[in-house]
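Asks: Chains as they are written, first to last, in the working numbering: chain A, 98 to 431; chain B, 98 to 431; chain C, 98 to 431; chain D, 98 to 431; chain E, 98 to 431; chain F, 98 to 431.
All residues carry an ideal CB built from backbone N, CA and C; glycine is no exception.
Predicted model, so just to flag it, every value in this text is computed and none were measured.
Protein chains: 6
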Amino acid sequence: MAKKLVTFGEVMMRLSPPGYLKFSQANSFELVYGGGEANVAISCAYLGMKAAHMTRFPDNALGKAATQFLRKNWLSSDQIIYGDNKLGIYFLEKGAVHRPSVVVYEREGSAFSKIQPEMIDWEDVLKDADWFHWTGITPAVSEGAALSCLEAIKTANKMGIMVSGDINSRKNMWKYGQTMQEVMPKLVAHCDIVITSPRGINEMFGLGEVGGKLKDSAQELMKAYPRIKKVVGKKRKSVSASEQEIQGRIWTGTQYIKTETLNISHVIDRVGTGDAFAAGLIYGLLHYDNDIQALDFATAACALKHTVMGDVNMVSLENIISLMEGNTSGALKR
Amino acid sequence: MAKKLVTFGEVMMRLSPPGYLKFSQANSFELVYGGGEANVAISCAYLGMKAAHMTRFPDNALGKAATQFLRKNWLSSDQIIYGDNKLGIYFLEKGAVHRPSVVVYEREGSAFSKIQPEMIDWEDVLKDADWFHWTGITPAVSEGAALSCLEAIKTANKMGIMVSGDINSRKNMWKYGQTMQEVMPKLVAHCDIVITSPRGINEMFGLGEVGGKLKDSAQELMKAYPRIKKVVGKKRKSVSASEQEIQGRIWTGTQYIKTETLNISHVIDRVGTGDAFAAGLIYGLLHYDNDIQALDFATAACALKHTVMGDVNMVSLENIISLMEGNTSGALKR
Amino acid sequence: MAKKLVTFGEVMMRLSPPGYLKFSQANSFELVYGGGEANVAISCAYLGMKAAHMTRFPDNALGKAATQFLRKNWLSSDQIIYGDNKLGIYFLEKGAVHRPSVVVYEREGSAFSKIQPEMIDWEDVLKDADWFHWTGITPAVSEGAALSCLEAIKTANKMGIMVSGDINSRKNMWKYGQTMQEVMPKLVAHCDIVITSPRGINEMFGLGEVGGKLKDSAQELMKAYPRIKKVVGKKRKSVSASEQEIQGRIWTGTQYIKTETLNISHVIDRVGTGDAFAAGLIYGLLHYDNDIQALDFATAACALKHTVMGDVNMVSLENIISLMEGNTSGALKR
Amino acid sequence: MAKKLVTFGEVMMRLSPPGYLKFSQANSFELVYGGGEANVAISCAYLGMKAAHMTRFPDNALGKAATQFLRKNWLSSDQIIYGDNKLGIYFLEKGAVHRPSVVVYEREGSAFSKIQPEMIDWEDVLKDADWFHWTGITPAVSEGAALSCLEAIKTANKMGIMVSGDINSRKNMWKYGQTMQEVMPKLVAHCDIVITSPRGINEMFGLGEVGGKLKDSAQELMKAYPRIKKVVGKKRKSVSASEQEIQGRIWTGTQYIKTETLNISHVIDRVGTGDAFAAGLIYGLLHYDNDIQALDFATAACALKHTVMGDVNMVSLENIISLMEGNTSGALKR
Amino acid sequence: MAKKLVTFGEVMMRLSPPGYLKFSQANSFELVYGGGEANVAISCAYLGMKAAHMTRFPDNALGKAATQFLRKNWLSSDQIIYGDNKLGIYFLEKGAVHRPSVVVYEREGSAFSKIQPEMIDWEDVLKDADWFHWTGITPAVSEGAALSCLEAIKTANKMGIMVSGDINSRKNMWKYGQTMQEVMPKLVAHCDIVITSPRGINEMFGLGEVGGKLKDSAQELMKAYPRIKKVVGKKRKSVSASEQEIQGRIWTGTQYIKTETLNISHVIDRVGTGDAFAAGLIYGLLHYDNDIQALDFATAACALKHTVMGDVNMVSLENIISLMEGNTSGALKR
Amino acid sequence: MAKKLVTFGEVMMRLSPPGYLKFSQANSFELVYGGGEANVAISCAYLGMKAAHMTRFPDNALGKAATQFLRKNWLSSDQIIYGDNKLGIYFLEKGAVHRPSVVVYEREGSAFSKIQPEMIDWEDVLKDADWFHWTGITPAVSEGAALSCLEAIKTANKMGIMVSGDINSRKNMWKYGQTMQEVMPKLVAHCDIVITSPRGINEMFGLGEVGGKLKDSAQELMKAYPRIKKVVGKKRKSVSASEQEIQGRIWTGTQYIKTETLNISHVIDRVGTGDAFAAGLIYGLLHYDNDIQALDFATAACALKHTVMGDVNMVSLENIISLMEGNTSGALKR
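#1: Residues of chain I with CB closer than 9 angstroms to the CB of Q122 (chain A), please, in chain order.
#2: At what residues does the alpha helix (DSSP H) containing S210 (chain D) begin and finish?
#3: Under three-state DSSP, which class holds S140 (chain F)?
#4: Just verifying my parser: in three-state terms, what is the DSSP assignment at I325 (chain F)?
#5: Return yes when the Cβ of Q176 (chain D) is within less than 9 angstroms of the Cβ of V222 (chain D), no when it is not.
#6: Is the beta carbon of S335 (chain E) less than 9 angstroms from the beta carbon of S121 (chain A)?
#7: Out of curiosity, what's the CA-to-CA distance linking D408 (chain E) and H363 (chain E)?
#8: Taking only beta-carbon atoms, is S239 (chain D) less than 9 angstroms away from chain F?
#9: How would you call R296 (chain E), buried or exposed, if buried means at least 16 neighbouring beta carbons within 10 angstroms?
#10: Name the residues in the stretch 163-186 of chain F whose C-beta lies less than 8 angstroms from a C-beta of chain B; which are they?
#11: Apart from the five residues just before and just after I389 (chain B), which ones in its own chain have a Cβ nearer than 7 angstroms to its Cβ?
#12: Who are the Cβ neighbours of S339 (chain B) in its own chain at under 6 angstroms, not counting the five residues just before and after it?
#13: Since E340 (chain A) meets chain F, which of its residues come closer than 7 angstroms, beta carbon to beta carbon?
#14: For a contact meaning CB atoms closer than 7 angstroms, what does V412 (chain A) contact in chain E?
#15: Just how far apart, CA to CA, sit T370 (chain A) and T232 (chain B)?
#16: Could you compute how far the alpha carbon of E240 (chain A) sits from the alpha carbon of T276 (chain A)?
#17: Report the CB separation of L102 (chain C) from A148 (chain C) in whole angstroms; it is logged as a contact under 8 angstroms.
#18: For the alpha helix (DSSP H) containing W271 (chain D), name the first residue and the last one.
#19: Please return the same chain residues whose Cβ sits closer than 7 angstroms to the Cβ of A253 (chain C), not counting the five positions on each side in sequence.
#20: For T152 (chain C), count neighbouring Cβ atoms within 10 angstroms of its own Cβ and tell me buried if that reaches 16, exposed if not.
#21: With a threshold of 9 angstroms between beta-carbons, can T293 (chain F) be considered close to chain A, or not?
#22: Note the first and the last residue of the continuous beta strand (DSSP E) segment covering V200 (chain C).
#23: What are the residues that DSSP puts in a beta bridge with T104 (chain F)?
#24: Please tell me whether K224 (chain C) has its Cβ less than 9 angstroms away from any Cβ of chain D.
#25: With DSSP as the reference, please indicate the residues paired to Q344 (chain A) in a beta bridge.
#26: Quick check on D372 (chain B): buried or exposed, where buried means 16 or more other Cβ atoms within 10 Å of its Cβ?
#27: Can you give the beta carbon distance from V238 (chain A) to E107 (chain A), rounded, assuming they're within the 8 angstroms contact cut?
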């Protein structure tokens, strides 16, 4: 029977000028929706898992349309709650070669940022779930979001549901009076799987000078928070905005494993590739019985996302397995 | 030499699904910009006047793009100020026949709403101006906007610049602690020309039961605020979302004049038609020496706006004069 | 608690040239999905009902995409079955004024046409349903479809679920060896509510010369099939491809009621307006306690569908109620 | 066997902003091709006739693309000649209701304007033709075009091919040193069928004050040029840019006949409707044995063109016959 | 005088999501037409040859539109026959980098598949032809298609027309009761030029283990079928869906020649590149007097097709010659 | 205070098929405007300089729209003059890999080509300017343009304004009776900065065989025209239409400096990259106090332009500085 994933976080409307136009050239915007955690849920749903995303949308036509995007992409929508009147928006100007992408956020005061723990019955939301996933963006949004996330994690712990956190956060998002360093450790302590980078760990936990290696930082982290079983990261080399290289790495507690490096020579859309990695990891750990295959799966999923427009990875299980097995030819089978 | 108009108010990004698609069907948005007062300035600029719009945009790529829209449409941009990081947005789903349009605003906390009187040197902004125009939306946005507007009006008075106000306001916009009834009279008292409806006057000034005729309400208003020289209105009949009828009317202090009724049988875009009326009135009063022609000009301008996509009236002087002279055939001249 | 509707029938990919382009001018097609019965289910879902559509799609990327369309439009998708490799397609060239629309079907051999009764567990599909709806298209597709439909109706009867049939059919669709006259009566006999036209009844049942009035035909029909409680129709006048008039009518067994005539002066999309009527009728009969209001609701829903692109009525409950109460102005409320 | 029509004249690239956008709003242009005479040839080809258009295009990629447009629309292209490097262009801003369309020409110095009689072997071009058609635009373009047209007409006369001329011309096009009044009579004298308006006749031939009736002007014209057998016109009422009325009229030499008036309530594209009338007349006179049916056919064809995007009438024979027989319902037949 | 090519086979409507969108993201399809043999004819027509394609389309609006596509692209259309009501369709989701393209066919039961030899007068169709070309797709479609193809080849033999066959076929297309191995040899036996791969030859003719070299397989093939004069192939390396490498090779009966390898670093559209190779070969063999230049021409044509959207190679003779001469710079000449 | 640049030259409408479509595939054109000198002015304006472009447009709707493009892109428009009725147009078919772009001009007889020195008050136009820039295209257009350009340069000399010329010209543009060699030296003699290539210098001035090195040609040029202070060039390697390499080089009078080579691996739009280089040089010389930084800035600006759609470089100062400092990663900063 299909495994079930639940995620929690904000979903924003994403507006981008067509093709490679700059904001100053745009006369229309392409419209999709995205958010780190929902991206993970949808990726897993495309791979055949059951998936639900918990969020809060404004109680208006835009909130309905955002919900419809999640439904279309195979998520259930019964658990979503509505209130207030602002949907978070982000504007994306896609870069190329030496020209970086530009992102402008209009997310302050969104319906999601006003979420409060008492609005959610986590036991109900997590019913039948095998896995709960969150990211470091959510607790940065507002105190209500941070508290709700903590409650979700604790409820998952109680219900015996695996918890993974993609814990990197953006320092300049934290504006509600508490710092990343104050809040994050409380959440991370209850995680089974942590996705992060050495810099992320050190910044967040002030673990001191541990050399910038994932292996070392991970060991420190697992010493401090013994619930954590694996620490996973991916190394990205941005050759240019149009060409990227990706390599997965994991500290399993006993072993440090790296995958082959995958080169994505013609990037279509770089947004959400980290979420595709997380989704691949969750799928991989649930469906393969060894870490190296799970990591290969995650890395292949991440690489493939670079070729899909939007925030969300929509590639098929067959695509990922084929790449994971070394077939990089992209050849059409008729 | 061309007459110069200055206006003041918020400019929002307008996002609409293509054609008659509903929000739930949209995969892209058409992008224009609009705001009641800027719409008036641009209309007048297309007619050959000089025009500048005073506003405040966020200090980011979207604020720049909004400025470029104003520049493209013939306004000067040197006086615009920048700060904060939110551009007001509104979403428009265009209706048809019995299905009304739907508008969703995301304007709270915009850079404009945080404007303060001390940010603006009105004597500099109004230099060389012949006319200043404002609307009842601006004082509803925030206390800072209301105070800035009042200062603009008073400065215009001092500099001998004509002041017109399109004073209708939306009751449910007033959220910063003062009511329409408290704030508006202070601004209206300093106007030379008022554009409004009988309901608008009565609602705002509590002038009692005066029968719902513009003439009567206008007389009361001018008694209370003797600076006001003319009160102007337009009567709209919404046959359906696709068909509208427009008639102009003016109380000149001594005379009550109505225009012919113009039927717009195939509406292209109904937004901004009131602003087109105001712009037509300003142009008309500046360029014709009698009120009836000015009013005919305003009504023709308003009718023609219904055929132009976006918030802004871009028709030519020739178009308006031709319709004003009774040519409703829309026939192409080669 | 929300009432639940279940429908059954083929869903086709609909491809149309943009705007009013003819097939010979098309370089792209706009893509939506539609099918008489699914259209009804979706309309009801937009009004807040629970709704599920039973169908069979090809087991390939197109079948998945069609399912996603249903999910996006609020239907559940768990009950849908997959097999074979052809999705029914229809091409629509939209007409205007005196130029009629053109429809070209490529639906023969579709996955749906190969459906067989044993593929469906109707008791499971109809669980929790309050209403089952089918149309005269389904039994015309194939013998398997006709038998499946009959089984659905009988199961609904057994489970105490209301059954409505929009029984008009297209004579030239019946190609599998049985005629409309042979098959349809078996299905109609088990219906509670029948939607049809006098011509439809007479053609199908050979009831003789009964004058072309719905009232008379309906009485004959109800005499022959006593389970039928109401016979409902709408009268359409096609002023031109761009202007239509609609009037609802019902024979309640004791009373013959007609609604006001609604004129749709600017048609956006005429396809699926009959399905919108059926959906409105189902919603109306479930939520109003008198036939006249239910019929007014159905007629208003039908009229509004003419303003929505695609096969499906997506207007809101508020829109329908407002029109049903006589507000034809299409005026935007801010 | 299918009858064959040959036409002669310039074909221009037509560039228009999408939908109802004004030039100042355009970020792209829709691209079609058109020219009065080619429009007639293509219309007849869509009705099943054989048709060829003689013209001269620049010897570059644009000339090739223009040829491909003619080929796609069923014309043969072997006779077309190439030289020089400029393709005539016209820009069309589509009007609505009271706002007229705007046309801007960039056709001076085009490859066609440099055509010379010696470039064309008319006996070869007219081989197998049953009908030759020209318009008053061609002789206005250049002396070479006028001389080539005259030679075509005389060759047709010699070969026993019917000649029709749509002789209205635009006075301000005549810039090469000869006037309309000097050139046109030489061409008209050799025509069998003349399409024009009373004003057109009087302006061109200075026939004096003949009261503005087609019948009277036609009689004068046929007296002066006895080869002319019929004079045909259509009366247009431009209710607005969005609504037009059309009525056909013919002076058969002995009889003055008018058709019913057709109202086109929702105009899609008004350009080329006169050419559709001419094409309908040619088809009608070749395929019906009485003038009234030919004229009804022409008028119905003209009305239907108003619903087709582009310069060219692409409606089917069935569409025209149905409208000609009084079916104005635009109803879809499935 | 221009050489004339005739081809025979099915032409399908091709529908693809815009850009790199996946089927699940598509709200519109871009529309072109294509088919292996017609692609070859059109390529040659763009190079200045005369070309006709023989096929059968449904007798409806879509069959007409498909014909218009062929006409636009310089093919004659008089010989095309019409009947039945289904046009073959294929859906193409374009891949990128490691993500392969996806193709879904809906071609079963098409008008072309119902073609029968007695429907075609091959002597008439092949009149004036210098070359006849077919592919291994056609005999796979249906027995009627296979028999018609055989008759075409034999008629060409009789009339002294060169015959080339691109004989690779797709095993899983053969569903009408005969196998590739039964049917193909009868057709190949009458060919002058065969385009294939070693694997293609071995699979089709069961020539045993001949080592996988074109040279060896070709010699076996020419021994078995002495009419064959040259066997030609191209070697493709799919670096990724976005980057391809192409090398031409020929066994001339006495010599084995390979071209330089061309790298296509940014693929625009990979479909139809094999057909572009075949077209280049036909053109090359007809216009160059040595095999190496013909092969270089074919390989350059193939490489350039990767940069053209659609199934069809539309590059100019100049483009191919320039690349064939080693100019890979793609530099614009003004 | 911001430095001010004035430029002079023709601005053309640029029409291109979407994406990589060929002219034969286009059904619409994307519309921007461009011209070598205006491109330079706009680039500098995006970097924060004040900039004005002097040109002449037709006195019609297209001339207005072209002006609006300049205004939108931050140029002032008061100085622009209007007359005649033709706007220069160029059509651009974008190439890829081995397929070169194709450009077709329709610029003969444009309003700009009819410009005459007496139409312009250069002292007024150049008021407050710090720099005047022209290119070798302008004197090639017409004698009037050449004389106007000369007058501009001399006026700038008189007013103490720096003058730069991008002096490469296209030999086949010179059609008005004077040759490049006759006209250009008169203009170049008055320049302070010359942008060119060795081939450009030699071709234009017949400086003999100087070996093809910029350094040598530059020295000869500066000997002949002692006002010239620096000669600047860029070396381009066209790997393919999709990949370019750029290196800047300058002869400062005493020193020959080359920059690093920048590789643009995925070209978005190659047009206007030379103008971006010139703009970068002007900005660099005005804002850096050493030639090497100015040249690095110019080269980075040029490279970045390859990633921007249209003729005009719209990248930010930050983008250029980042690339100039060696950051080629194109990584997004959030």
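Replies: In this structure, then:
#1: Checking the listed chains, one finds no chain I in this structure; the protein chains it contains are A, B, C, D, E and F.
#2: Note, S210 (chain D): premise wrong, no alpha helix (DSSP H); not H, not E.
#3: helix
#4: coil
#5: yes
#6: no
#7: 17 angstroms
#8: no
#9: exposed
#10: Q165, F166, R168, K169, N170, W171
#11: I354
#12: A193, V194, V364
#13: S362
#14: R196
#15: 47 angstroms
#16: 11 angstroms
#17: 5 angstroms
#18: Counting along the chain, W271 (chain D) falls outside any alpha helix (DSSP H), and DSSP gives it neither H nor E.
#19: L223, F229, V260
#20: buried
#21: no
#22: 199-203
#23: F:H150, F:H230
#24: no
#25: A:K332
#26: buried
#27: 6 angstroms
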